[in-house]
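First the structure, in the form of structure tokens, and then the observations on it.
Numbering (our numbering), first residue to last: 38 to 292.
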């Protein structure tokens, strides 16, 4: 069972990372989940108004008290992850176990620094959005103008507007023009190719506790089947590399 503490929950009570906020925030989530313990608790993003020492000591107390089994952080740059881990090691506090982040064949910004940092401190990486919010499928085209209400790219929703800012532009459609024909030629969907890339060609490795997060319940069975398929043909890997070369340096950062 997983929950998180976010600083940006619209329409709900928000909590900071101050020691007097962390426990109430966690307990509220536990009450909603009807549980006395959570397996994983995430700090969703940094709170730069609270010293890390205060936050991490409070998290350690919650861990020692048995409220959480594991502790994760997300949306922190690599240098802050290192700072957090050094503080935890120096003080004997619970160190982060997991870092979930956006990582797929057309977004590899986590590779140069963040992955090296996570490996050094023994933190697993959870690779989410392996199909880039649906862009690494065959569903969306440059000329798509209508979107199902409530869908990932619905411009009327905040999430839809955010996804459109990140993905709905020529920077992403240009590499798709390279990738999709190769996938079709090889007899697979773009989504299958993307999920297999995440499973077999990314830096995420199961031996380090890394995992791929599959978010869509509607395609769960298909995605799980694709995850278990073997590595991609070299032609498909090269097409993804060519696509990333187009995007590298102009895509959004990993935070």
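For each residue, glycine too, the CB sits at the ideal point set by N, CA and C. On a predicted model such as this, the values are computed, not experimentally measured, just so you know.
> So which of 130, 133, 240 has the shortest CA-CA distance to residue 150?
Replying inline: 240
> By DSSP, does residue 248 sit in helix, in strand, or in coil?
Replying inline: strand
> Are the beta-carbon atoms belonging to residue 233 and residue 275 less than 7 angstroms from one another?
Replying inline: no
>> Within the continuous alpha helix (DSSP H) that includes residue 67, where are the two ends?
In response: 56-70
> Which value, in whole angstroms, describes the spacing of the CA atoms of residue 201 and residue 190?
Replying inline: 6 angstroms
> Apart from the five residues on each side of it in sequence, which residues of its chain come closer than 8 angstroms, Cβ to Cβ, to residue 283?
Replying inline: 208, 211, 212, 215
> What separation, rounded to the nearest whole angstrom, lies between the Cα atoms of residue 223 and residue 171?
Replying inline: Residue 223 and residue 171: Cα-Cα distance of roughly 20 angstroms.
> Can you tell me where the beta strand (DSSP E) with residue 190 in it begins and where it stops?
Replying inline: Residue 190 -> no beta strand (DSSP E), and no H or E assigned at all.
> Do the CB positions of residue 100 and residue 131 come within less than 7 angstroms of each other?
Replying inline: For residue 100 and residue 131, yes; Cβs fall inside 7 angstroms.
> Nearest to residue 53 by alpha carbon, out of 83, 147, 76, 263?
Replying inline: 83
> In three-state DSSP terms, what is residue 149?
Replying inline: coil
> Mind checking residue 48: buried by the 16 CB within 10 Å criterion, or exposed?
Replying inline: Unreliable positioning characterises residue 48 in this predicted model, as indicated by a pLDDT of 46, which lies under 50. A coordinate reading is not provided.
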